[in-house]
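Protein chains in written order, with my numbering: chain A, 1 to 269; chain B, 270 to 538.
For every residue, glycine included, the Cβ atom is placed at its ideal position computed from N, Cα and C.
Remember, it's a predicted structure, so these values are computed and weren't measured experimentally.
Structure, as structure tokens:
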DNA sequence: TCTGGATATGCAAAGGTTTGCAGACGCAAG
DNA sequence: CTTGCGTCTGCAAACCTTTGCATATCCAGA
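Here's what the structure looks like:
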């Protein structure tokens with residue numbers, strides 16, 4: 001039912017190869033012919049069949065983006081940015097959420113590999129071995145972690161942590177708690193390293209709490225601990241945990257200062 | 270480089286059609302042959318080429334999911350649910366975010382149509398004409414809106430609004446503000462309708478504020494208005510707007526009650 | 001022994017496109 | 001007039017699978 005290249009060729013009186021070139025290499029076809037072909041294509045509602053094109057060129061023009069958890073507010077902006085960048089290059093982003101479930105990850109890796117030209121991976125705790133396996137099947141770029149031999153894009157979370165600690169010590173805080181991220185995450189290690197170093201430099205005390213799940217629940221769980229500790233400021237691994245912590249402290253009866261006060265959190269994934 | 274069905278056929282000494290059947294209709298092939306083929310396939314790392322398969326069957330086993338804005342916390346759970354349901358049926362969900370940009374929507378519609386078997390659409394303000402156009406190219410299900418002639422899945426936001434208003438009037442509130450959603454959204458109309466009716470029934474006053482952008486900013490913008498109004502409770506269209514409103518009131522110096530107090534909001538998209 | 005059905009496999013066409021090669025044509029330079 | 005080049009278009013193979021049909025084999029029943 002949908003129009004094929006052949007229909008367009010017939011309608012415009014040229015060979016299918018000319019129609020093909022009209023779309024994929026316009027400079028090779030006479031402007032006059034080109035506009036006639038385009039008119040017929042438009043009229044018939046023709047759109048090149050992606051499957052056929054992918055079959056012969058070996059490129060799908062799709063890029064996979066694997067994220068750990070879409071519901072984590074860290075990801076949406078990243079997804080949007082990737083989509084926008086892809087769109088401008090005539091690619092599409094294929095987002096998938098693993099829920100950090102190894103079974104899902106495993107299956108995804110193979111399923112995805114066959115239908116995308118490359119994969120962006122932002123899943124801090126996916127196992128290295130799975131990542132290496134994936135990288136053998138498809139070009140891979142990892143985000144916010146480092147895997148030897150693979151290209152990666154990382155945020156300077158260390159710098160962020162340092163700035164946050166400096167801000168807090170600048171406000172006079174001498175005892176800061178770091179609500180740490182999950183075990184095995186590169187950003188988590190990096191933040192801890194940088195925060196610890198910054199605190200030492202400023203001669204302040206920094207207590208690391210964790211590792212924790214990078215979720216609201218992970219924050220709630222440390223509320224009591226944070227309070228007992230007597231720290232006057234907390235640096236949280238990410239927004240969700242900060243929210244959870246505030247919630248936890250609140251329900252213990254220890255309200256967090258509001259916006260104008262001196263408690264602060266920075267975020268990363 | 271990647272192994273094809275032919276390589277597997279050669280390795281296992283059968284015809285390619287047998288290999289094909291091993292994967293797509295296992296019951297048609299002798300168990301003995303089948304396991305030999307599977308072993309060879311495994312060994313060669315063979316995976317059926319999705320493009321070739323799609324080309325001949327006309328099915329991609331992909332489903333598109335168009336959402337207005339991934340960053341709106343309303344969507345991630347919806348996306349996850351769709352992905353999970355799809356996964357169990359051996360389908361993949363292809364999420365795309367339109368940013369409610371008509372140009373993006375327009376382009377997407379066509380680009381997507383050619384590479385998915387169907388589309389789930391949850392974009393409250395996409396134009397009806399574009400939706401109808403899309404529905405002519407690909408099977409379409411709309412979410413949280415109603416378009417004549419198209420199957421749809423809607424939440425009972427009216428019921429939610431009614432319950433919220435009843436809750437508030439039950440607590441004694443006589444004057445409630447409804448921080449309304451965007452113009453042209455089905456859920457927005459529905460909530461207004463139900464909330465108004467519920468307020469009338471309870472003999473309370475309900476003032477509708479809006480339409481507004483369904484964002485934090487949309488909430489912030491009505492803060493002053495809400496305060497001037499003297500309403501004792503506010504019902505917000507969604508979480509983002511509620512957050513924005515609280516923020517706005519806060520910066521005007523009118524703190525919102527915390528969790529234990531009687532202000533409430535319900536959410537929808 | 002023959003017939004007929006069930007089971008398992010092979011054969012080949014088909015699906016819509018891209019692309020290297022070759023042919024046609026026009027035109028300028030010699 | 002010939003040669004050569006540049007521009008445009010046609011031809012046909014190739015990409016990898018699926019699937020209707022035909023063939024082969026085996027076994028049970030008569």
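Assignment of beta-bridge partners to residue 168(A) by DSSP yields no partner. When 9 Å is used as the limit between beta carbons, residue 225(A) is near no residue of chain B, the shortest such separation being about 21 Å.
Counting only Cβ-Cβ distances below 8 Å, residue 318(B) has contacts in chain A at 55, 114, in chain order.
Considering only beta carbons, the part of the stretch 496 to 525 of chain B lying closer than 9 Å to chain A consists of 516, 519, 520, 524, in chain order.
In this structure, residue 348(B) sits away from residue 373(B), with a CB-CB distance that is not shorter than 7 Å. Within the stretch 100 to 183 of chain A, the complete alpha helix (DSSP H) segments at least 4 residues long are 102 to 113, 128 to 137, 157 to 170, listed from N- to C-terminus.
For residue 477(B), the enclosing beta strand (DSSP E) covers residues 474 to 478. Per DSSP, the unbroken alpha helix (DSSP H) holding residue 508(B) starts and ends at 508 to 520. Residue 284(B) and residue 325(B) have their C-alpha atoms roughly 19 Å apart. In the three-state reduction of the DSSP assignment, residue 4(A) falls in the coil class, being assigned neither a helical nor a strand state.
Secondary structure note for residue 95(A): it is in no alpha helix (DSSP H), and the uninterrupted beta strand (DSSP E) holding it is 92 to 97.
Look at the beta carbons and you see the stretch 236 to 254 of chain A touching the stretch 219 to 226 of chain A: at least three pairs across the two are nearer than 8 Å. Looking from the CA of residue 139(A), the closest CA among 200(A), 35(A), 121(A) belongs to 121(A). For residue 325(B), the secondary structure class from DSSP, reduced to helix, strand or coil, is helix.
Residue 306(B) sits in a helix when the DSSP states are folded into three classes. Here residue 333(B) carries a strand assignment [DSSP, helix/strand/coil]. With respect to the C-alpha of residue 416(B), the residue from 454(B), 332(B), 377(B), 339(B) having the closest C-alpha is 454(B). Close to residue 434(B), with beta-carbon spacing below 9 Å, lies no residue of chain A; the smallest spacing is near 26 Å. With a contact defined as Cβ atoms closer than 8 Å, residue 435(B) and residue 471(B) qualify at about 7 Å.
Taking a Cβ-Cβ cut-off of 9 Å, residue 117(A) has no neighbours in chain B, whose nearest Cβ is about 12 Å from it.
Following the DSSP letters along the chain, one finds residue 347(B) inside the alpha helix (DSSP H) bounded by residues 344 to 356.
Look at residue 25(A) here: in three-state DSSP terms it is coil, with no helix or strand label. Counting the other CB atoms within 10 Å of its CB gives residue 392(B) a total of 16 or more, which places it among the buried residues.
At a C-beta separation below 7 Å, residue 95(A) has these neighbours in chain B: 364.
Here the alpha carbon of residue 383(B) sits roughly 32 Å from the alpha carbon of residue 132(A). Sequence-distant partners of residue 192(A) (beyond 5 residues in either direction) whose C-beta falls short of 7 Å from its own C-beta, in its chain, are 178, 180, 208.
Sequence-ordered contacts of the stretch 63 to 78 of chain A with chain B read 70, 71, 76, 77 [C-beta pairs closer than 7 Å]. At a cut-off of 7 Å between beta-carbon atoms, residue 105(A) makes no contact with chain B. The beta carbon of residue 83(A) sits closer than 7 Å to some beta carbon of chain B.
When DSSP states are grouped into helix, strand and coil, residue 288(B) belongs to the helix group. The Cβ atoms of residue 183(A) and residue 214(A) lie no closer than 7 Å to each other.
At a C-beta separation below 9 Å, residue 60(A) has these neighbours in chain B: 319, 320, 384. For a Cβ distance threshold of 8 Å, residue set 361 of chain B lies close to residue 111(A), ordered along the chain. Residue pairing from DSSP places residue 504(B) in a beta bridge opposite 447(B). Short of 8 Å from the beta carbon of residue 227(A), and not among the five residues preceding or following it, lie these beta carbons of its own chain, in chain order: 249, 252, 254. A distance below 7 Å separates the beta carbons of residue 64(A) and residue 119(A).
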